[in-house]
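Numbering follows full-length UniProt numbering, in which position 214 of the sequence shown is assigned residue number 214; successive positions increment by one, without gaps.
One structure below.
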Amino acid sequence: MSLVSLGDLAQSFVMRRNMGQVKAELQILTQEMTTGVSADTVRHTGADLGPLNAISASLARLAAYHSATTELELFSGAMQTALQTVDGFATDLAPQLLSAGAALQDSTLDALGAQAEQSFKAAVAAFNTRVGDRSLFAGSATHQTPLPEGEALLATLETVVAGAATAADVAAALDGWFTDPAGYAAQAYQGSAAMAEITIAPGEKAAIGVTALDVGIRDTLKGLAMAALMGRGVPGEATAGRAALATMAGEALLAAQPHRAGLAAATGMVEGQIAAAQARNSAEITALELARAKIVSVDPFEAATKVKEAQTQLEMIYAVTARLSSLSLMEYLR
1 MSLVSLGDLA QSFVMRRNMG QVKAELQILT QEMTTGVSAD TVRHTGADLG
51 PLNAISASLA RLAAYHSATT ELELFSGAMQ TALQTVDGFA TDLAPQLLSA
101 GAALQDSTLD ALGAQAEQSF KAAVAAFNTR VGDRSLFAGS ATHQTPLPEG
151 EALLATLETV VAGAATAADV AAALDGWFTD PAGYAAQAYQ GSAAMAEITI
201 APGEKAAIGV TALDVGIRDT LKGLAMAALM GRGVPGEATA GRAALATMAG
251 EALLAAQPHR AGLAAATGMV EGQIAAAQAR NSAEITALEL ARAKIVSVDP
301 FEAATKVKEA QTQLEMIYAV TARLSSLSLM EYLR
């Protein structure tokens with residue numbers, strides 16, 4: 001049997017190749033031992049990637065739900081804040097208007113008229129609130145500001161009540177304009193229908209249906225506008241007429257309170273639905289991530305054993321290399 005030997009150059013090449021392979025394997029094994037995750041998923045799962053792909057698809061879908069619920073949560077929260085702010089204006093002003101209507105004092109009527117005008121403009125600004133450059137109360141036309149600015153809207157209303165001789169005439173003119181489809185809905189509201197439903201969880205949809213066209217918002221603006229116009233001398237300079245209009249404004253704000261409460265309740269229900277969907281989605285994400293980790297995880301004891309074996313093998317290669325490097329002709333001839 002003939003003996004086959006390797007030349008020095010070939011032997012050096014073989015040793016370097018083996019050393020490189022063991023180093024690469026040691027690096028992979030160390031990574032697996034540290035992270036607890038297999039570096040070669042295909043090999044680890046026996047090329048059965050179906051469960052992993054299904055989990056990844058579910059997680060991607062849940063990520064989309066998370067984005068939708070986060071945006072809807074932001075919208076509903078900001079909308080609830082605006083509704084509460086305007087309700088605070090109306091709730092605070094209504095009893096004062098009723099009291100001033102009975103007192104028949106011009107100074108009190110003037111002060112309440114100025115306060116009502118500020119509240120009206122602030123209410124319009126609240127309904128024109130934008131979140132992320134998207135309007136809250138414009139329905140699906142989120143790129144549009146739903147209402148003109150408060151001063152411009154008051155100027156329009158002054159035109160609407162022009163010529164009204166009594167408080168009753170002013171109230172009737174305002175009521176007609178706010179309820180007529182050719183009035184508030186056509187001349188003031190610049191949005192569109194309510195937003196469509198969006199999917200927030202598997203098999204579940206939600207939508208915020210509140211717009212500046214809702215009765216609670218229209219009637220509240222009507223009551224505030226009535227009081228603001230009273231402060232501007234409508235229906236005339238007579239104290240009795242202004243006092244009567246103040247009383248009607250207070251009654252209008254009180255009458256709109258159940259509608260405002262209904263809008264807040266509807267928005268609150270959507271907030272609750274979103275919170276429940278987020279909790280379910282979060283639990284499902286956690287379960288899927290645990291399942292994925294179980295599939296790709298490696299046994300820590302086995303990983304540590306393999307690392308030790310690779311280290312021993314590498315040390316042996318180093319020792320052999322060092323031994324071969326120290327050989328000389330004198331050592332060979334001994």
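Note that CB positions come from ideal geometry on N, CA and C, so glycine has one too.
Given residue i as reference, the closest of the options once Cα atoms are compared
i	options	result
E289	A122, P51, I55	I55
L154	A122, T129, D133, G132	A122
P148	S76, N53, Q190	Q190
S107	E237, F75, I198	E237
A196	A244, R232, A141	A141
A188	V234, A244, W177	W177
A194	L112, Q144, T179, Q278	Q144
G113	T247, A265, I295	T247
A266	I208, R242, A293, A111	I208
T70	G272, T129, A244, A103	G272
S58	L109, A287, T81, I295	A287
A78	A172, D133, Q118, A111	D133
D110	E73, A293, A291, R242	R242
R268	G50, P51, L52, Q80	Before going further, note that residue 268 is Gly rather than Arg in the sequence given. Closest option to G268, Cα to Cα, is Q80.
L97	T85, H259, D175, A244	A244
L263	I295, F127, A103, Q118	F127
L74	Q118, Q84, L136	L136
E251	Q278, D175, Q84	D175
V86	L72, Q118, S99, A291	Q118
L72	A186, Q84, Q278	Q278
Extent of the continuous alpha helix (DSSP H) run through residue i
i	result
T85	50-103
T156	150-160
A126	106-127
T199	Counting along the chain, T199 falls outside any alpha helix (DSSP H), though it belongs to the beta strand (DSSP E) covering 198-201.
A168	167-179
Contact check, residue i vs residue j, beta carbons under 8 angstroms
i	j	result
G216	A249	no
I274	I200	yes
L229	L157	yes
F120	G150	yes
A116	A227	yes
A206	V131	no
A164	V170	yes
L213	A90	no
L253	T220	yes
A167	P95	no
G139	S76	no
A82	T159	no
R232	Y184	no
I295	L62	no
Classification of residue i by the beta-carbon crowding that lies within 10 angstroms, buried from 16 upward
i	result
Q105	exposed
S282	exposed
T312	exposed
A276	exposed
S67	exposed
G203	exposed
M316	exposed
A64	exposed
K222	buried
A261	exposed
G88	exposed
A60	exposed
P181	exposed
G50	exposed
P258	exposed
A173	buried
Y332	Note on Y332: pLDDT 49, under 50, position unreliable in the model; no value is reported.
DSSP beta-bridge partners of residue i
i	result
R232	Note: R232 sits in no beta bridge, so no partner.
S135	R130
Chain B within 8 angstroms of residue i, Cβ atoms only
i	result
Q105	Within the model displayed, chain B is absent; a lone protein chain is all it includes.
Delimiting residues of the beta strand (DSSP E) encompassing residue i
i	result
E204	204-206
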